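Visitor: Take a look at this one; I'll ask things after.
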Amino acid sequence: MMDLIKDWRLHLLVLGVVLIAETIGTIRIEIGPGVIMLLPMLFAIVIGLLLFFTPLVKEEQSKHAEPIITLSVTLLIAKIGVTIGPGLADLIAAGPALLLQEVGNFGTIFLALPIAVLLFNMKREAIGMTHSVGREPNLGLIYDKYGFESPEGKGVTTVYIFGTVFGAMFYGLIAGFLASFTPLHPLSLAMAAGVGSGSMMAAAVGSLVGLYPELEPQIVAFAGASNLLTYSTGLFVSMFIALPMTEKLYTVFRKWKGGEGKE
């Protein structure tokens with residue numbers, strides 16, 4: 001830990017990346033009814049990835065950066081927990097529709113897990129990748145249960161990075177196209193935008209508000225309540241239902257592939 005604290009090169013690099021990403025800010029690109037939002041987090045990931053292939057980042061910095069990820073996620077989950085309490089009244093007022101939207105998160109298990117194991121012959125990394133949409137609370141859950149360097153930890157980290165890079169783009173576009181070409185109500189799409197990711201929700205809300213500016217307060221309220229509900233209940237659903245279910249289904253699918261179900 002002392003080596004991590006004394007690693008001035010790592011701290012300066014992180015500070016520089018943050019300053020550059022925040023200076024760039026958010027870039028909004030409108031494509032038809034949809035919108036692509038390039039957020040500072042995306043720029044930070046790209047800059048950090050490019051720096052890894054330069055002499056500025058050595059193996060020492062890479063090793064020291066690993067525990068910082070776990071610490072950062074722990075602080076973020078604590079912040080999420082603090083925000084849950086004041087929002088309980090809004091969640092209750094939103095009604096049962098918001099509660100039922102949590103069921104949709106199981107789609108990652110029933111759709112993605114069999115494809116990952118049966119079609120692509122993936123092993124335990126598939127558990128981390130498919131037990132949820134792989135946002136911040138799920139990172140903390142998998143890291144705590146399996147460890148950062150475990151196959152499950154690498155799987156959830158991969159999905160988190162992929163979602164950060166492409167998730168906001170996809171949500172911004174799909175929300176606009178669904179609102180334009182389907183009979184779905186914009187408020188139902190606003191509820192669907194709350195998957196537990198601030199960047200994805202913001203991109204979807206941006207598209208919906210662009211199409212229905214007169215409903216902006218309702219769209220923001222429903223999306224925010226849905227996102228808060230996913231934050232507050234999603235971790236518990238993943239912990240007690242989704243992750244055990246993914247483990248059991250993974251064992252079944254691995255046996256179908258001729259494995260023992262534990263590798």
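Read in order, the letters of the sequence shown are residues 1 to 263 in full-length UniProt numbering.
Every residue gets a Cβ at the ideal spot worked out from N, C-alpha and C, and that includes glycine.
Keep in mind the model is a prediction, meaning the values are calculated, not measured.
Comparing C-alpha positions only, which one of Leu111, Phe162, Val117 sits nearest to arginine 135?
Guide: Arginine 135 has its Cα closest to that of Phe162, out of Leu111, Phe162, Val117.
Visitor: Of all the options Val17, Pro40, Val18, Val14, which has the alpha carbon lying nearest to the alpha carbon of glycine 25?
Guide: Checked all of Val17, Pro40, Val18, Val14; the closest Cα to glycine 25 is Pro40.
Visitor: Could you tell me the distance, in whole angstroms, from the CA atom of proline 96 to the CA atom of alanine 175?
Guide: Approximately 22 Å, taken between the alpha carbons.
Visitor: Can you tell me the Cα-Cα spacing of proline 151 and glutamate 30, whole angstroms?
Guide: For proline 151 and glutamate 30, the distance between alpha carbons rounds to 38 Å.
Visitor: Could I get the ranges of all uninterrupted beta strand (DSSP E) runs contained in the region 143-189, with 3 residues as the minimum, in chain order?
Guide: Complete beta strand (DSSP E) runs here, min 3: none at all.
Visitor: Measuring straight from C-alpha to C-alpha, what distance separates proline 67 and leucine 211?
Guide: C-alpha separation (whole angstroms): 43 Å.
Visitor: Got a sec? Which residues, its chain only, sit under 6 Å from valine 159 by beta carbon, not counting five neighbours each side?
Guide: Result list for valine 159: Met129, Gly134, in chain order.
Visitor: Note down, in chain order, each residue of its chain lying with its Cβ closer than 8 Å to the Cβ of methionine 239, except the 5 sequence neighbours on either side.
Guide: Here the set comprises Leu141.
Visitor: Looking only at its chain, what residues have a beta carbon closer than 7 Å to the beta carbon of valine 117, apart from the 5 residues adjacent to it on each side?
Guide: Same-chain partners within the cutoff: Ala126, Tyr250, Phe253, Arg254, Lys257.
Visitor: So, is the C-beta of valine 57 closer than 8 Å to a C-beta in chain C?
Guide: Among the chains of the structure shown, chain C does not appear; only one protein chain is present.
Visitor: Measuring only the C-alpha atoms, how far is phenylalanine 170 from serine 199?
Guide: Going by the C-alpha atoms only, they are around 11 Å apart.
Visitor: How many angstroms separate the CA atom of proline 213 from the CA atom of histidine 131?
Guide: So the two alpha carbons sit approximately 35 Å from each other.
Visitor: If we count the other Cβ atoms within 10 Å of its Cβ and call it buried at 16 or more, is leucine 229 buried or exposed?
Guide: Buried.
Visitor: What's the gap between the Cα of valine 237 and the Cα of lysine 145?
Guide: The straight-line gap from Cα to Cα measures roughly 15 Å.
Visitor: Expressed to the nearest angstrom, what Euclidean distance is found between the alpha-carbon atoms of residue 284 and isoleucine 115?
Guide: Nothing about residue 284 can be read from this structure; the chain reaches only from 1 to 263.
Visitor: Since I believe glycine 196 is in contact with tyrosine 143 (beta carbons under 8 Å), could you give me their beta-carbon distance rounded to a whole number of angstroms?
Guide: That pair is no contact at about 16 Å.
Visitor: Starting from glutamate 30 and walking both ways along the beta strand (DSSP E), at which residues does that stretch end?
Guide: Taken as a continuous stretch (DSSP letters only), the beta strand (DSSP E) holding glutamate 30 covers 27-31.
Visitor: Got a sec? Which residues, its chain only, sit under 6 Å from aspartate 7 by beta carbon, not counting five neighbours each side?
Guide: Cβ neighbours of aspartate 7 beyond the five flanking positions: His64.
Visitor: State the start and end residues of the unbroken alpha helix (DSSP H) segment that holds serine 232.
Guide: Run containing serine 232: 216-237, per the alpha helix (DSSP H) assignment.
Visitor: Cα separation between methionine 191 and glutamate 149?
Guide: Answer to the nearest angstrom: the Cα atoms are 35 Å apart.
Visitor: Ignoring anything shorter than 4 residues, give me the alpha helix (DSSP H) runs that lie fully in the region 36-74, in order along the chain.
Guide: The qualifying runs are 40-52.
Visitor: When DSSP labels each residue in this structure, what does lysine 248 get in the three-state scheme?
Guide: Correct three-state label for lysine 248: helix.
Visitor: For residue 265, which residues from the same chain have a beta carbon less than 6 Å from its beta carbon, with the 5 sequence-adjacent residues on both sides left out?
Guide: Nothing can be reported for residue 265: it is not among the residues displayed for the chain, which extend from 1 to 263.
Visitor: Among Gly48, Ala242, Thr23, Thr182, which has the Cα closest to the Cα of residue 289?
Guide: Within the shown structure, residues of the chain are numbered from 1 to 263, placing residue 289 beyond reach of any answer.
Visitor: Would you report the Cα separation of threonine 157 and proline 137, rounded to the nearest angstrom?
Guide: If you take the alpha carbons of threonine 157 and proline 137, they lie about 12 Å apart.
Visitor: Let me make sure I understand the geometry here. Which of Thr164, Ala225, Asn121, Val209 has the alpha-carbon closest to that of glycine 194?
Guide: Considering only alpha carbons, the answer is Ala225.
Visitor: Span of the alpha helix (DSSP H) holding serine 199?
Guide: Taken as a continuous stretch (DSSP letters only), the alpha helix (DSSP H) holding serine 199 covers 198-211.
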